[in-house]
Amino acid sequence: MLNINLDKSVSCSMDLSIISQTIQAIEFNSEEFLLNITGAYSTTPTAALQVIEGIIPLQIKAEQEAVYVRTARLYKTSNYNNINFNPNNYEDGTTSTKFYPAIFQLEDRISLEKQFLPVPGLNICTDGSKIEDKTGSAFCVMEEDITKYEWIAQLSPFNTVFQAELLAIQEACLWEARPTNG
């Protein structure tokens, strides 16, 4: 059975018998799931099934989560298995960007004007993509700011985006290796 240690500073309005019943129900259900997953006999101990499947026992997982919450979210020092966890020893989580839709100006964020300067020499751009049942592969050759050559292919619906990307790279390399380059 799971022992729950509550700090004296924490008030708990939930009846401990309800918590105990909930934990027993979870442990019973997890045993049935483990039996179904492993295909083991019903006489196999739950602890053995947990080891076979690599599942942490509920009591240990609950203690680990309590230590994590106490340390990471409440910024309080915790102790687990004689190991002290001090919140000052860990980095703060990343803060999310503050986004206020009322002051978001789309015109200030997106520009439809050309923003790239032409790169001198020959530039080859490849792409592979998949939308619904259509998979495509393509590459284009640009020189200064002029499209010199384009290649497009529609692939089988069973091809992956990775295969389409590789095909575009392969075709671009073959085009570059040609004596006349198109």
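For reference, each letter of the sequence shown is one residue, going 0 to 181 in numbering that gives the first Met the number 0. Ideal placement from N, C-alpha and C gives every residue a C-beta, glycine not left out.
Using the Cβ count rule (16 or more neighbours within 10 Å means buried), how would you classify Phe138? Along the sequence shown, one-based indexing puts residue 138 at 139. The residue is buried, with at least 16 neighbouring Cβ atoms inside 10 Å.
Thinking Pro119 and Thr134 are a contact (beta carbons under 8 angstroms), I'd like their distance in whole angstroms, please. Numbered from its first residue, the sequence shown carries residue 119 at position 120. Numbered from its first residue, the sequence shown carries residue 134 at position 135. With a Cβ gap of about 34 angstroms, Pro119 and Thr134 do not count as contacting.
Assign Lys7 to one of two classes, buried (16 or more other C-beta atoms within 10 Å of its C-beta) or exposed (fewer than that). Taking the sequence shown and counting its residues from 1, one reaches residue 7 at position 8. At Lys7, the pLDDT of 42 sits below 50, so the modelled position is not reliable; the number obtained from the coordinates is stated separately. It counts as exposed.
Return the first residue and the last residue of the beta strand (DSSP E) that Ile168 is part of. In the sequence shown, the residue the question calls residue 168 occupies position 169. Per DSSP, Ile168 belongs to no beta strand (DSSP E); it is in the alpha helix (DSSP H), Val160 to Ala176.
Buried versus exposed call for Leu166 [16 or more other C-beta atoms within 10 Å across all chains shown]: As a first step, residue 166 is located in the sequence shown; it is residue number 167 there, counting from the start. Leu166 is buried by the Cβ-count criterion.
With a Cβ-Cβ cutoff of 8 angstroms, do Ile130 and Ala171 count as a contact? Within the sequence shown, residue 130 is the residue found at index 131, counting from 1. Within the sequence shown, residue 171 is the residue found at index 172, counting from 1. The Cβ atoms of Ile130 and Ala171 lie no closer than 8 angstroms to each other.
Let me confirm a value: Ser136 is counted as buried when at least 16 other C-beta atoms fall within 10 Å, else exposed. Which label applies? Here the question's residue 136 lines up with position 137 in the sequence shown. Classification of Ser136: buried, given that the 10 Å Cβ count is 16 or more.
Note down, in chain order, each residue of its chain lying with its Cβ closer than 7 angstroms to the Cβ of Asn158, except the 5 sequence neighbours on either side. Locating residue 158 in the sequence shown gives position 159, where the first residue counts as 1. Cβ contact annotation for Asn158 (same chain, cutoff 7 angstroms, sequence separation greater than five): Thr134, in chain order.
Endpoints, beta strand (DSSP E) assigned at Ala152: For the purposes of this step, residue 152 is taken as the residue at position 153 of the sequence shown. That run of the beta strand (DSSP E) goes Ile145 to Leu154.
So, is Thr179 buried or exposed, given that buried needs 16 or more other C-beta atoms within 10 angstroms? Indexing the sequence shown from 1 puts residue 179 at position 180. Label assigned to Thr179: exposed.
Boundaries (first-last residue) of the beta strand (DSSP E) holding Leu121: Indexing the sequence shown from 1 puts residue 121 at position 122. Under the DSSP assignment, Leu121 falls in the beta strand (DSSP E) whose first and last residues are Leu121 to Ile130.
Cα-Cα, which of Asp91, Asn88, Ile59 and Asn87 is closest to Tyr79? The residue labelled residue 79 in the question sits at position 80 within the sequence shown. It is Ile59.
Cα separation between Glu164 and Ala176? Taking the first residue of the sequence shown as position 1, residue 164 is located at position 165. Taking the first residue of the sequence shown as position 1, residue 176 is located at position 177. Roughly 18 angstroms separates the two Cα atoms.
Leaving aside the five residues before and after Tyr89 along the sequence, list all residues of the same chain whose C-beta is less than 8 angstroms from its C-beta, in chain order. Along the sequence shown, one-based indexing puts residue 89 at 90. Apart from sequence neighbours up to five positions away, the residues of its chain that approach Tyr89 with a beta-carbon distance below 8 angstroms are Thr70 and Ala71, ordered along the chain.
Would you grab the beta carbon distance between Leu57 and Ile25 for me? Rounded to a whole angstrom, and I think it's under 8 angstroms. Walking along the sequence shown from the start, residue 57 turns up at place 58. Walking along the sequence shown from the start, residue 25 turns up at place 26. Leu57 to Ile25, Cβ: 6 angstroms. Contact.
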